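Only one structure is covered here, and it is reproduced in the block below.
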Amino acid sequence: HTDRITDLCFSEDGKLLLSSSMDGSLRIWDVILARQTDAIQVDVPITALSLSPNMDILATTHVDQNGVYLW
1 HTDRITDLCF SEDGKLLLSS SMDGSLRIWD VILARQTDAI QVDVPITALS LSPNMDILAT
61 THVDQNGVYL W
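Take 1 as the starting number for the sequence shown in UniProt numbering and just add one per residue.
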């Protein structure tokens, strides 16, 4: 991330950590290997994120955007 981190979320099994930032990036980290495994970049800052228990839905909210985005 190149700007402040806005939220963190662990997967239900504790193996993944997701982080979001004001730079519009969402990063996925492997907790066991202690390294980033993936990243998503969007056009607006991400203010919050949440991962469903079975990890099939990611919800995000964004600056100046109404509603919740489901991925």
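All C-beta atoms, glycine included, are put in the ideal place defined by N, C-alpha and C.
Predicted model only: the values in this text are computed from it and were never measured.
Exercise. Cβ of T2 versus every heavy atom of the ligand HEM: is any distance shorter than 8 Å?
Worked result: Absent from the structure shown: the ligand HEM. Ligands present: none.
Problem set entry | Assigned secondary structure, S50 (DSSP; H/G/I helix, E/B strand, else coil) | strand
Exercise. Considering only residues of the same chain and omitting the five flanking positions on each side of I40, which have a CB-CB separation below 6 Å?
Worked result: Here the set comprises L26.
For this session: Hey, could you find the ends of the beta strand (DSSP E) L33 is sitting in?
Result: L33 -> no beta strand (DSSP E), and no H or E assigned at all.
For this session: May I have the straight-line CA-CA distance separating S20 from T6, to the nearest angstrom?
Result: Approximately 6 Å, taken between the alpha carbons.
Exercise. When you compare only the Cα positions, how much space is there between H62 and N54?
Worked result: 23 Å
For this session: In angstroms with no decimal places, state the Cα-to-Cα distance between E12 and Y69.
Result: 20 Å
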